[in-house]
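Those protein sequence lines, which keep their order, are chains A and B.
With the first letter of the first sequence counted as 1, position 427 gets the number 427 in UniProt numbering; the numbers rise by one all the way through.
With the first letter of the second sequence counted as 1, position 375 gets the number 375 in UniProt numbering; the numbers rise by one all the way through.
Virtual Cβ for every residue (Gly too), placed ideally from N, Cα, C.
Predicted model only: the values in this text are computed from it and were never measured.
Written out below as C-alpha cells is the structure these notes cover.
There are 2 protein chains.
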Amino acid sequence: MEVEFKALLDDLDLLEKSLFDPAPIHKLRSHVENLAALSKCNPHRRSKVKELSSEVVDSNPYSRLMALQRMGIVENYERIREFSVAIVGIGGVGSVAAEMLTRCGIGRLLLYDYDTVELANMNRLFFRPDQVGMTKTDAAVQTLAEINPDVVLESFTMNITTVQGFETFTKSLTNKSFCPSKEGSGVDLVLSCVDNYEARMAVNQACNELRQTWMESGVSEDAVSGHIQLLVPGETACFACAPPLVVASGIDERTLKREGVCAASLPTTMGVVAGLLVQNSLKFLLNFGEVSPYLGYNSLKDFFPTMQMRPNPQCSNVACLERQKEYVLAKPARDAAAKAKMEADASTAIDEGPLHDDNEWNISVVDDENEKDTTKAASSSDTLPEGLTRELPVADEYEKEIAIGSGEAEEDDLEDLKKQLEALNAA
Amino acid sequence: MEVEFKALLDDLDLLEKSLFDPAPIHKLRSHVENLAALSKCNPHRRSKVKELSSEVVDSNPYSRLMALQRMGIVENYERIREFSVAIVGIGGVGSVAAEMLTRCGIGRLLLYDYDTVELANMNRLFFRPDQVGMTKTDAAVQTLAEINPDVVLESFTMNITTVQGFETFTKSLTNKSFCPSKEGSGVDLVLSCVDNYEARMAVNQACNELRQTWMESGVSEDAVSGHIQLLVPGETACFACAPPLVVASGIDERTLKREGVCAASLPTTMGVVAGLLVQNSLKFLLNFGEVSPYLGYNSLKDFFPTMQMRPNPQCSNVACLERQKEYVLAKPARDAAAKAKMEADASTAIDEGPLHDDNEWNISVVDDENEKDTTKAASSSDTLPEGLTRELPVADEYEKEIAIGSGEAEEDDLEDLKKQLEALNAA
C-alpha cells in the first residue's frame, strides 16, 4: 500500500500547483498522510523491554511468567533471555514450538525451513491464509516479531540435507555472537521438528559432531500419535542408534510424500506434541521438574509411554561412537564430581544446623535427592494464598498412590529390542 | 481506517463541486477508492467452500483432514460441518481450543467471554499485541474468521454468572436455527475453559438443566499441571458432585485473582490442555478412539492420570439428582438396546458368511466389541503404503505389553473419597 499512498500524494502535489487556492489540498494531504501512517505502524505494537518485570499489571507481558519464580517452580526465570534455541522445520510442530518459546521470552531463536506456506497447511496452528506463498521462515519471522519484539530471530531459508545447507547449518549453530562467553556451541538446544528421515539424520549428524544436546519430535502419518525424545550425544541413543520402525525402500521419501499419498494431520496432535516438546525444553533450560528422555502420545487411548534408550555400541554413526567413548572416559570425573557435590550438600546441611531447637512434633528430615525437583514443586502447592482453605487431602498425595500402582517409565533395553529384531529376521 | 477513507472521499466531493475542471478529482477518487478496497479485503483470504474436498493439492485446506478417512481413523470426517460447539471462556485454553476447532472445519462455534485482551495475556498462544484493548470475543472472531471462513461464528460478550447472562447463555445453547433437525439442545458439546469456580458452577447448572454433555478443563495456578473431564448429566459426576479441593472462603474469588496475587501461566501447559480437550471433543463428535472421562497432565513428571467419577447420590445440585434418576430409570431400555445391537451384529456376521470359502491359513474371527474403535485404528497402521517395509514388530504390539503392565485408568469410587474426607473432618 506504500506505493499507492505515494502515487496519491504525487497527484495531490500536481493538483495543488494547478489551483488558485491550495487550502483544500492541504487538508486532503494531511488526511492522506494520516492514513498512510495508520496503515504502516501499528499503534498497539509494544516496544522492547530492558528487564523482565514481575509487576502484576495488565500491561506487563511477563507477569504470568515471572510468577513461576514466586510460586517456587523456577528459581530464576530471567535466565530464559540468555538462551538460544534452534528449530529445524517450521511446520505443524516447529511453528507452534517457535511461538511458545517466543511468548516465553526466549533470548534467540534460529529457524530453518525451505518450504512455502500453502492453504493445505491451514489445518494446523500458526500460519494464516494471508501468508500463503511466503516462505515459512519469512511468515514465521513476521508473526513472531509482532508477538514479542524482545526475541532475537534469525531465519535460514534452506534445506539442511544438501551439502551446502548442512555446512551453513553447522556453522550457524556454532556462531557465538549472541553470547560470546558460552561454553560449547553457540546454541543451548536444537529442536528437530522435521517430517522426514533424511532431515532427522542431518540434525543427528550435526549434533553428534558438535556435542550438541537436541530434542527430536514426530507425529505419525495417521495424525493420531506422536513423540518427543531427548538426545545427548554419547549419553543417550542417537537417532542412528535405533533404526526407525518404517523406512522407505527404493523410492525417495519425498516423492512418497508429495505424489498422491497425503499424510493426515490434526492441529490437536501437533499442538500437544509441540507443547510437550517446549515444556521439556523449558525444564531442561530452566532446570525444573524432570526432563523426559522419551515421551510418546497415543491420542486414541490417551496413553503416554515413556522409556530410556542407551546408545548402541554398534551404531553406524562414527561421531556417535566417538561421543560414546568420551562419555565412558569421563565417567570417573563425573563420579568424583557427584560425590563431591553430595559431600558438600551434606556438610552444608550440618553447618546450617536445625532451624528450630525444639522439635515438638518429632519431625525428621528424609534425604530424597533424586526427587528433589518434583518434591520442591509439590511442597509449593501445599502453601495456599490467604483466604483459601483446603477441603480434601492434597492432590499430590493422591497422585503418588496412583503412580506407585502404575509402574510408569520402565527402562527399555536396546539389547532386548535388538534380540527381538534378530529373532524376527531369522524367522 | 474505514472512517478516515470515508472522510477523505467526502472532502474530495466538496472539492469537486468547487472546481471548474473535475477531471483531476476523478483520478484522485479512483486512487482513494482503490486504497480503501486494499485496506479492507485481503487478496489471499480464501473464499468459502461448498464441500470438503479430499483432493491432494496444496490449495485444498481440508486435504490433510479428509486423509483421516482414507487412513481409517475417522469413518466420515465431513460430518464435522454439522456440529455446533460452545466454548465458555476465551482465555489461554479456550482461545486455542477455538482455533483448533476452526482449523478442523467445525460447523459452528459459540464463544462466550466478557474480558478484554491485555499485554499480560501475551505469554499464552492466540491473541496478538495489536488486539490489546479489544474484547476477547471480538479479537477471536477477527482471527478465526480470517483463518477459516467456512465456520459459523457467534460471539457473546457477557458474563454467564449474572442472572441475565445465564439466561442468555442457556437460550443460546438451545437455539436450533443452525441445525433444526437436531435432537436435544442446539449444540453438540459445551467446552468450559473458564478460570474460576463460579463460572464452572454456572456451566454445570446450565448443562444439568439442558441434559447437555460438556467437557471441563483447568490449569493449576502454578502453571505446571492441568486436566480435562467429560461430564454427561446423570451418567457421570457433575461439577457439584465432587467438591473442588480448594475453595475461596469469605473473599470473592475474583478479588483474590486480581489484587496482587498473580497466577502463573505457560503457553505450553495451556496448549497441551487445549490440545487434549479438542482431541477428546473430536473423538466424541466423530466417533473414533476412546473418549477419556478424565485426563490429568502433571508436566513436572510428565504423568497423565486417568479416572472415572460416578455421580454423587447426595449431590447438592437438584438438576443433577433429576438426571441421575432419569439415567437409572432408562437402564432397562439401554440394556435392551445394547442386547438388540449385539444380536443384530451377530446375525449380520452369520448372514454375511465367510468372505473366502477356503481358509488356507486357518484364520478365525474373535469378537472384541469393546475394543472396536482402537482395534480399527491399530489395524489401520498395519497396512503400509506402497514402497514401505516394516523393520521391527508393529508399535501397537509393543504398547499393548506396556499397557497390560501399567494398569492405567483405574476407576475411582466417590464413596471411598467421601469416606476419606469424613475421616479427615472427624480427626
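Terminal residues of the beta strand (DSSP E) in which T157 (chain A) lies: 152 to 157
Where the beta strand (DSSP E) containing E216 (chain B) begins and where it ends: 214 to 219
Nearest-angstrom Cα separation, counted from Q324 (chain B) out to M309 (chain B): 13 Å
Among B:F303, B:M215, B:A242, which has the Cα closest to the Cα of S225 (chain B)? B:F303
With distance defined between alpha-carbon atoms, name the residue in B:K341, B:P313, B:A340 nearest to V328 (chain B). B:P313
Can you tell me whether DSSP reads T306 (chain B) as helix, strand or coil? strand
For the alpha helix (DSSP H) containing A139 (chain A), name the first residue and the last one. 136 to 147
For L189 (chain A): DSSP bridge partner residues: A:V85
Can you pull the chain A residues whose beta carbon is under 8 Å from the beta carbon of E4 (chain B), in chain order? H31, N34, L35, L38
From the beta carbon of V224 (chain A), is the nearest beta carbon of chain B less than 8 Å away? yes
For F169 (chain A), decide whether its Cβ has a neighbour in chain B, counting only Cβ atoms nearer than 8 Å. no
Which whole-angstrom value describes the C-beta separation of E82 (chain A) and G107 (chain A), a residue pair presumed to lie in contact below a C-beta threshold of 8 Å? 5 Å
Reduced DSSP secondary structure (H/G/I, E/B, other) of T116 (chain A): strand
List in chain order: all unbroken beta strand (DSSP E) runs of 3+ residues lying wholly within the stretch 293 to 339 of chain B. 294 to 298
Compare the C-beta of F304 (chain B) against all C-beta atoms of chain A and say whether one is closer than 8 Å. yes
Where L12 (chain B) falls: helix, strand or coil (DSSP): helix
Please name the residue in B:I90, B:E290, B:L300, B:M122 whose C-alpha comes closest to that of V57 (chain A). B:M122
Within this structure, are the beta carbons of Y297 (chain A) and L321 (chain A) separated by less than 8 Å? no
Flag T236 (chain B) as yes if its beta-carbon sits less than 8 Å from any beta-carbon of chain A, otherwise no. no
Any beta-carbon of chain B closer than 8 Å to the one on N76 (chain A)? no
Does any residue of chain B have a CB that is nearer than 8 Å to the CB of C315 (chain A)? no
Compute the beta-carbon to beta-carbon distance between P293 (chain A) and T213 (chain A), rounded to the nearest angstrom, for a pair I have assumed lies under 8 Å. Actually they do not touch by this definition, with Cβ atoms about 12 Å apart.
Thinking just about the alpha-carbon of each residue, which of B:V49, B:T157, B:L8, B:L35 is nearest to the one in P24 (chain A)? B:L8
Following the continuous alpha helix (DSSP H) through G165 (chain B), name the residue where it begins and the one where it ends. 163 to 174
Just to confirm, is the Cβ distance from V117 (chain B) to A274 (chain B) under 8 Å? no
Would you mind sorting A344 (chain B) into buried or exposed? The rule is 16 or more other CB atoms within 10 Å of its CB. exposed
Listing by chain order, which chain B residues have their CB less than 9 Å from the CB of T269 (chain A)? G275, Q279
Taking DSSP's pairing of strands, which residues face S225 (chain A) in a bridge? A:N298
Run the CB neighbour count on D195 (chain B), radius 10 Å, all protein chains shown included, and call it buried at 16 or more, exposed below. buried
In three-state terms, what does DSSP make of R211 (chain B)? coil
Nearest-angstrom Cα separation, counted from A120 (chain A) out to S53 (chain B): 11 Å
Closer than 8 Å to chain B by CB, S380 (chain A): With a pLDDT of 43 at S380 (chain A), under the threshold of 50, the modelled position of that residue is not reliable, and the figure given next carries that caveat. Yes, S380 (chain A) counts as interfacial toward chain B.
Could you tell me the distance, in whole angstroms, from the CA atom of M134 (chain B) to the CA atom of S63 (chain B)? 34 Å
Pairs of beta-carbons, one from the stretch 175 to 185 of chain A and one from the stretch 138 to 149 of chain A, closer than 8 Å: are there three or more? no
Should N287 (chain B) be labelled buried (16 or more other beta-carbon atoms within 10 Å of its own) or exposed? exposed
C241 (chain A) at chain B interface by Cβ criterion, 8 Å: no
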